[in-house]
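Numbering (the numbering used here), first residue to last: -9 to 489. Quick notes on the structure that follows.
Rendered as structure tokens:
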């Protein structure tokens, strides 16, 4: 009797452990990079094995008279699948907790932004990004399908026709798709299904700009489920990969043409894509913008970035130098600022990271003056940092003009520099003007006359009662009257009217 009981006990322990190991193969610890998580998963798996063993032992010894063996087996499988599902939920929650305890995802986006600016070819950059992803979330391969007619020199970049099945499908379903959701939904077109299955794709992240599909990021061979935070990370990565592919195309066309003018045209094309085409209208601010590069590419950078439903960031910066070097730094600056603001980082951390990039990681000779303001339409206040930039002009609703106080060191000079934010509250009808020094540095060498702040103040005093659009127009007319042949620097002017 004791021998039979012992035998049944061994059988009921051996069966779930052996079967469980097979079913859990897709959730192996080899896919988990974090040792702490691995330890917890081992404990969870051990508990599952014990619970299933005890449950089956109980069923086998006490219900074998009432239930037939097939029913016992079905009951066992149902219980085991339920427990495995609970395990998956536990690990998913654990992933979220671990992510919140560290900042690896946002740091990874910053490192990838730097990879994009490397002076290397597309293959080397994609290799570096894949190595980053292997370390972070165990993704072994990515590929990017772009709607284009250009042939790229890396097999991971796939060219799609605008009317291809993949492009047509994701135009109507502009959402991230994982293998789990794919196999649970049979409404996918046959051609899309075959492509995803045949290429081992586990996630598809479409990239749309201004509601127009530009490409699709494919994630291959992860061998594990995706957490919601991983999918958010991949959606931001998709935008970075798209920018990398576009930049690579521009650079390749230049190398093939060996034409300096073509080089500037392509760099200018890239820059235009970085600047906002249309300022947002739902933050209680009316914008009026004038930007004129000295060459085809500019060292002036400006951006208007919605952060959430109440806050919008306004950025203006002047990068030392001209040409391609300034354009590359501008691209990196844009990537860092946009990436960190999307991660809801404070502007003090954004500015500190830019300074760290220039002084520690890049170690070039370029310097940046920058003003960044984060306006909250609910409180009507702006948190801002001025890193060596010209002080903005504030025109109050009672028509007084004064400078916005508070100024820190230029970016790229001191790696130990500290940047602290200031705050200013606007009233309805207030206006603010941001500009780069290309405006006030206009100089007529023939007559030894400078445009300077005096000319700017005269223009503003003559247009105090006018809307912000007319003020900016008056400034541009002043530039033309002074003589466009004397423009030797990039000029950017941003006017803001607070409702």
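The beta-carbon is built from N, C-alpha and C at its ideal position, and this holds for glycine as well.
Counted as a single uninterrupted DSSP element, the alpha helix (DSSP H) harbouring residue 445 occupies residues 442 to 452.
Beyond the five residues adjoining it in sequence on each side, residue 482 comes within less than 6 angstroms, by CB distance, of 281, 290, 292, 426 in the same chain, given in chain order.
Distances from the alpha-carbon of residue 325 to those of 211, 118, 97, 397 put 97 closest.
The segment 202 to 221 makes no contact with the segment 100 to 109: fewer than 3 CB pairs, one atom from each, lie closer than 8 angstroms. With a 10 Å radius around the Cβ and a threshold of 16 neighbouring Cβ atoms, residue 406 comes out exposed. Nearest in C-alpha terms to residue 422, of all of 455, 438, 392, is 392. By the CB criterion at 8 angstroms, residue 365 and residue 223 fall outside the cutoff.
By the 16-neighbour rule on beta-carbons within 10 angstroms, residue 479 is buried. Contact check for residue 382 and residue 424: beta-carbon distance about 5 angstroms, within the 8 angstroms limit, so the pair qualifies.
Of the candidates 350, 323, 267, 395, 323 places its Cα closest to the Cα of residue 340. For secondary structure counted as the beta strand (DSSP E) over 3 or more consecutive residues, the segment 362 to 422 holds these complete runs in sequence order: 371 to 377, 383 to 385, 391 to 393, 412 to 415.
Judged by beta-carbon spacing, residue 348 lies beyond the 8 angstroms limit of residue 389, meaning their Cβ atoms are not closer than that value. Residue 234 carries a helical assignment under DSSP once its states are collapsed to helix, strand and coil. In the DSSP assignment, the residues bridged to residue 291 are 307.
Residue 75 sits exposed, since fewer than 16 C-beta atoms from the chains shown fall within 10 Å of its C-beta.
Per the C-alpha coordinates, the member of 67, 162, 463, 228 positioned closest to residue 116 is 228. By the neighbour-count criterion, in which a residue is buried when 16 or more other Cβ atoms sit within 10 angstroms of its Cβ, residue 308 is buried.
With a beta-carbon spacing of about 6 angstroms, residue 101 and residue 122 fall inside the 8 angstroms limit used to define contacts.
Within the segment 101 to 163, the runs of alpha helix (DSSP H) that reach at least 4 residues and sit entirely inside it are, in chain order, 112 to 127, 155 to 162. Within the DSSP secondary-structure output, residue 193 pairs in a beta bridge with 168, 209. Judged by DSSP in its simplified three-state form, residue 72 adopts helix. The criterion of a C-beta distance shorter than 8 angstroms is satisfied by residue 316 and residue 356. Less than 8 angstroms separates the beta-carbon of residue 166 from that of residue 195. For residue 270, the three-state secondary structure derived from DSSP is coil. Residue 441 places its beta carbon less than 8 angstroms from that of residue 472. When secondary structure is reduced to three states using DSSP, residue 472 falls in the helix class. Listed as beta-bridge partners of residue 482 by DSSP are 281. According to the DSSP secondary-structure assignment, residue 32 is paired through a beta bridge with no residue. For residue 428, the enclosing alpha helix (DSSP H) starts and ends at 427 to 430. Residue 302 is bridged by DSSP to 296, 365.
In this structure, the alpha-carbon of residue 412 lies about 7 angstroms from that of residue 396. With a threshold of 16 other beta carbon atoms within 10 Å, residue 189 falls short and is exposed. Taking the Cβ atoms as the reference, residue 476 lies roughly 15 angstroms from residue 446, outside the contact range of under 8 angstroms. Membership of residue 339 in the alpha helix (DSSP H) is indicated by the continuous run 337 to 346.
DSSP places residue 477 in the coil class of the three-state scheme, outside both helix and strand. In the structure shown, residue 95 falls within a helical segment according to DSSP collapsed to helix, strand and coil.
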